[in-house]
Structures are given as C-alpha cells and as structure tokens.
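*Asks:* Using the numbering used here, you'd call the opening residue of the sequence shown number 83 and step up by one each time. Idealized CB from N, CA, C, for every residue including glycine.
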Amino acid sequence: MTETARIERDIEAARARLEGTVNELAYRAQPKVIAERQAQSLKLKLNEATHTPDGDLRVERVGAVVAAVVALVVVTALIRRRGRR
C-alpha cells in the first residue's frame with residue numbers, strides 16, 4: 083500500500099469517527115432528549131431520597147416532605163386570602 087493510500091484511509095476513518103461524534107452530539111442536544119434525561123435524573127434522585135438502598139421506604143423523609151408541602155399550601159392559601167381583602 084502506498085503512503086498516499088494509507089493517508090487517505092486514515093482520513094476516511096477520522097471522518098467516520100467525527101461523523102459519529104457529531105451525530106451523537108446532535109441527538110443529545112434535542113430538547114426532547116434533554117427533557118427525558120432530566121426527568122429520569124429527577125426520578126432517580128427522588129427514589130434515592132425516599133428509599134433505602136434495600137428498597138425500603140424512608141418514612142421520616144417522606145413525612146418531612148409531606149409536612150413541607152402542607153406548609154406551602156397553607157402559606158399560599160393565607161397569602162391569597164390576604165390579597166383578596
């Protein structure tokens with residue numbers, strides 16, 4: 083094989099790798115794919131925060147979250163009520 087043929091083969095291989103990289107980046111940059119990735123990450127974090135490594139529910143953490151949500155709802159209701167007067 084001549085030196086020119088080897089260089090051309092190397093260039094083609096580099097182009098193929100670059101094309102694959104560009105295609106992967108274009109796929110990852112799609113808004114739908116980004117949203118799916120974020121949703122999956124959020125679900126995983128929520129599961130880790132509310133369950134032990136064995137899969138048991140962490141009642142104390144779930145209770146704290148429920149209490150925080152209830153407090154937020156109460157505060158929101160009070161603010162709305164005050165604004166109507």
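Does the Cβ-Cβ distance between A134 and V144 come in under 7 Å?
*Replies:* Reading off the sequence, residue 134 comes out as Thr, not Ala. Going by C-beta atoms, T134 is not nearer than 7 Å to V144.
*Asks:* Beta-carbon within less than 7 Å of V115's beta-carbon, same chain only, minus the 5 sequence neighbours each way: which residues are those?
*Replies:* Excluding positions up to five away in sequence, the list reads Y109.
*Asks:* I need the boundaries of the alpha helix (DSSP H) containing G102, first residue and last residue.
*Replies:* Run containing G102: 85 to 110, per the alpha helix (DSSP H) assignment.
*Asks:* Please report the straight-line C-alpha distance between N105 and L128, rounded to a whole angstrom.
*Replies:* Their Cα atoms are separated by approximately 31 Å.
*Asks:* From T84 to R97, what distance separates their C-alpha atoms?
*Replies:* Each residue's alpha carbon lies about 20 Å from the other.
*Asks:* At 4 residues or longer, and completely inside the segment 114 to 159: list those alpha helix (DSSP H) runs for me, N to C.
*Replies:* Those alpha helix (DSSP H) runs which fall completely within the segment 114 to 159 and span 4+ residues do not exist here.
*Asks:* Would you tell me roughly how many angstroms separate the C-alpha atoms of A149 and T103, rounded to the nearest one?
*Replies:* Their Cα atoms are separated by approximately 47 Å.
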